[in-house]
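Undergrad:
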Amino acid sequence: MNKLIYDRFEFTDTYKAELIEFFKHMTNVELGGYRIFDGTRTHIIQSPIELCEFIFALKNYEQKKMYKLSTFLDIGFAAGINNTILNKFFNFNEIIGIDDLGDERNGMTFKANMMHKNLTLVCGDSTSQRIIDHVNKLGPYDLIFIDANHNYEYVKKDFNNYKQFLSEKGVIGFHDIDNPDHPGVLQFWNELKETGSYEQKEFVCRGFPLQYGIG
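This is the structure in structure tokens:
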């Protein structure tokens with residue numbers, strides 16, 4: 336029996352091209368995929384190339400550090416599609432998702448992406464002390480991904496509030512560092528650069544009507 340694509344990861348150009356193609360079938364054309372937006376909101380809200388490069392970078396980090404990313408804090412769970420994709424590739428022991436459940440999402444997709452994983456979903460504003468206290472009890476976290484409220488002050492608060500729960504060899508990721516519709520993310524990302532305190536990588540694909548960027 337052939338292994339599934341996420342079970343046979345390898346650091347080759349052939350595999351990378353296959354993975355990008357795989358993601359394109361789940362992505363709308365405005366981001367370089369093959370799907371037409373049909374209102375069902377079952378597509379991934381990621382650039383196939385950026386998502387692939389992000390996964391490659393995390394896999395490379397695991398190999399370089401000889402360290403398994405086993406706990407995942409997902410700030411901005413949404414419908415959980417991105418969460419499920421990352422879990423397929425990293426098979427996290429524990430996942431904590433935060434979401435205020437305020438945005439429109441597909442209910443069946445949301446339900447499906449809470450299944451078959453060790454997930455605790457914390458509902459509420461990620462910047463509230465109540466949520467922060469709950470998340471603290473369940474940490475620390477090897478991977479933190481920030482993709483909640485994209486206003487500058489919220490992005491800054493999410494970083495400052497949750498970086499303290501990062502494990503010693505942990506990684507923090509940001510979505511939308513190159514999104515012109517959400518300049519606050521890029522503003523804070525650049526402020527982090529100016530400090531010189533962090534090793535930062537950027538995965539940016541342009542040339543399509545929508546652009547996001549992962550850092």
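Be aware that the sequence shown starts at 336, since it is given in this note's numbering, and climbs by one per residue. Cβ coordinates follow ideal geometry from the N, Cα and C atoms, glycine included. Here the structure is a predicted model, which is why all the values come from computation and not from measurement.
Is it the case that the stretch 451-463 contacts the stretch 415-435, given that we only count it when at least three CB pairs across the two stretches are under 8 Å?
TA: Yes, they touch.
Undergrad: Is the separation between the beta-carbon of TYR476 and that of GLY519 shorter than 9 Å?
TA: As a working mapping, residue 476 is identified with position 141 in the sequence shown. As a working mapping, residue 519 is identified with position 184 in the sequence shown. Not a contact, by the Cβ cut-off of 9 Å.
Undergrad: Which first and last residues belong to the alpha helix (DSSP H) in which ASP434 is found?
TA: In the sequence shown, counting from the first residue as 1, residue 434 sits at position 99. Note, ASP434: premise wrong, no alpha helix (DSSP H); beta strand (DSSP E) at 429-434.
Undergrad: Here's the rule: buried if 16 or more other CB atoms are within 10 angstroms of the residue's CB, otherwise exposed. What is TYR369?
TA: The residue you call residue 369 lines up with position 34 of the sequence shown. Exposed.
Undergrad: Let's test the definition: count the other Cβ atoms within 10 Å of the Cβ of HIS510 and tell me whether it reaches 16, buried, or not, exposed.
TA: For the purposes of this step, residue 510 is taken as the residue at position 175 of the sequence shown. Label assigned to HIS510: buried.
Undergrad: Using 9 Å as the threshold, is the C-beta distance between ASN441 and SER461 below it?
TA: Within the sequence shown, residue 441 is the residue found at index 106, counting from 1. Within the sequence shown, residue 461 is the residue found at index 126, counting from 1. Not in contact: ASN441 and SER461 (Cβ atoms no closer than 9 Å).
Undergrad: ILE379 to ALA447, Cα distance in whole Å?
TA: Within the sequence shown, numbered from 1, the residue matching residue 379 stands at position 44. Within the sequence shown, numbered from 1, the residue matching residue 447 stands at position 112. Near 14 Å, if we compare the C-alpha coordinates of ALA447 and ILE379.
Undergrad: For HIS451, does the count of other Cβ atoms within 10 angstroms reach 16, so buried, or fall short, so exposed?
TA: The residue labelled residue 451 in the question sits at position 116 within the sequence shown. Result: exposed.
Undergrad: What does the alpha-carbon distance come out to for the pair ASN395 and SER463?
TA: By one-based count along the sequence shown, residue 395 stands at place 60. By one-based count along the sequence shown, residue 463 stands at place 128. Each residue's alpha carbon lies about 34 Å from the other.
Undergrad: Could you name each continuous alpha helix (DSSP H) segment of 4 residues or more that falls completely within the stretch 454-496, going from the start of the chain to the end?
TA: Whole alpha helix (DSSP H) segments, 4+ residues: 464-473.
Undergrad: Would you kindly report the start and end of the unbroken alpha helix (DSSP H) that includes PHE538?
TA: As a working mapping, residue 538 is identified with position 203 in the sequence shown. Note, PHE538: premise wrong, no alpha helix (DSSP H); not H, not E.
Undergrad: How about LYS536 and GLY548: are their beta carbons less than 9 Å apart?
TA: Along the sequence shown, one-based indexing puts residue 536 at 201. Along the sequence shown, one-based indexing puts residue 548 at 213. Taking 9 Å as the Cβ cut-off, LYS536 and GLY548 do not qualify as a contacting pair.
Undergrad: Do LEU421 and ILE384 count as a contact pair if the criterion is CB distance below 9 Å?
TA: Position 49 of the sequence shown, counting from 1, holds the residue named residue 384. Position 86 of the sequence shown, counting from 1, holds the residue named residue 421. No. Outside cutoff.
Undergrad: Quick one: using the 10 Å Cβ neighbour count with 16 as the cut-off for buried, is ALA352 buried or exposed?
TA: On the sequence shown, residue 352 is found 17 positions in, with the first residue counted as 1. Classification of ALA352: exposed, given that the 10 Å Cβ count is below 16.
Undergrad: Note down the Cα distance separating TRP524 from PHE480, rounded to an integer number of angstroms.
TA: Locating residue 524 in the sequence shown gives position 189, counting from the first residue. Locating residue 480 in the sequence shown gives position 145, counting from the first residue. Cα to Cα, TRP524 sits roughly 13 Å from PHE480.
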